[in-house]
Structure formats: structure tokens, C-alpha cells
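A short write-up of the structure that comes next.
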Amino acid sequence: MVVRMRVNRSKTGKRRSHHALVAASLAVCECGAPRVSHRACAECGKYNGKVVIDVVARAKREARRDKKKQKELRAAGQEKDTTNSKEEAKTT
Ligand SMILES: [Zn+2]
């Protein structure tokens with residue numbers, strides 16, 4: 000670092016004065032859940048009084064996907080275990 004490149008504490012502080020995190024300002028949905036404004040409610044799927052997201056169907060879909068993913072992970076883990084045992088057999 001050359002002295003010419005050095006930024007003084009004042010400049011550093013001024014730059015960092017904009018780095019603070021701001022909490023999201025949430026509105027309250029008619030169902031009572033906190034909701035990001037101008038977005039549909041994640042709890043009831045309503046926007047502006049109308050249901051725009053089928054929350055039940057989404058929950059079912061996500062449960063099904065989770066189950067599938069868990070199954071795949073389990074299968075992959077078993078494959079990995081078998082390969083490890085083979086490698087161990089080769090090394091010994
Ligand atoms: Zn809601």
C-alpha cells in the first residue's frame with residue numbers, strides 16, 4: 000500500500016455510514032401473519048383480499064419434493080458407502 004492510496008478514517012467512516020442493515024418493514028395480513036407489502040401472503044396466499052396462491056397445493060407439492068429429495072440423498076449415501084467399502088477392499 001502506497002501512502003497515496005491511503006484513505007483517511009473520515010472517508011472510510013463516510014463510506015461505511017451507508018452499510019447499516021435496515022429491518023424489513025412488514026405489513027400485517029388480514030389473516031394476522033406478517034406480510035411483505037406488495038407481495039402475496041405466504042400464510043394464506045391472499046393478495047388484496049383475493050386468493051392468488053393455492054397454499055394447500057403448494058404445501059403438498061413441497062412435501063412431495065422433499066420426500067423425493069430425501070430418498071435420492073439416501074440412495075446416493077448408500078452408493079457412496081458401497082464405493083467406499085470397495086475402495087477400502089482395494090487398498091487393503
Ligand atoms: Zn395472510
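The numbering of the sequence shown is numbering that gives the first Met the number 0, which starts it at 0 and goes up by one. C-beta: ideal position from N, C-alpha, C; glycine also.
Tell me whether residue i sits in a helix, a strand or coil according to DSSP, three-state version.
{"i": "R15", "result": "helix"}
{"i": "A26", "result": "strand"}
{"i": "D2", "result": "The sequence shown places Val at residue 2, rather than the Asp named in the question. V2 falls in the helix class under three-state DSSP."}
{"i": "V50", "result": "strand"}
So residue i is in the beta strand (DSSP E); what residue range does that whole segment cover?
{"i": "R165", "result": "What is shown of the chain runs 0 to 91, which leaves residue 165 out entirely."}
For a quick check, are the C-beta atoms of residue i and residue j less than 7 Å apart?
{"i": "L119", "j": "P33", "result": "The structure shown does not extend to residue 119, since the chain is modelled only from 0 through 91, so no value can be given for it."}
{"i": "I52", "j": "A39", "result": "yes"}
{"i": "G44", "j": "V35", "result": "no"}
Using only the alpha-carbon positions, how far apart do residue i and residue j sit?
{"i": "V27", "j": "Y46", "result": "12 Å"}
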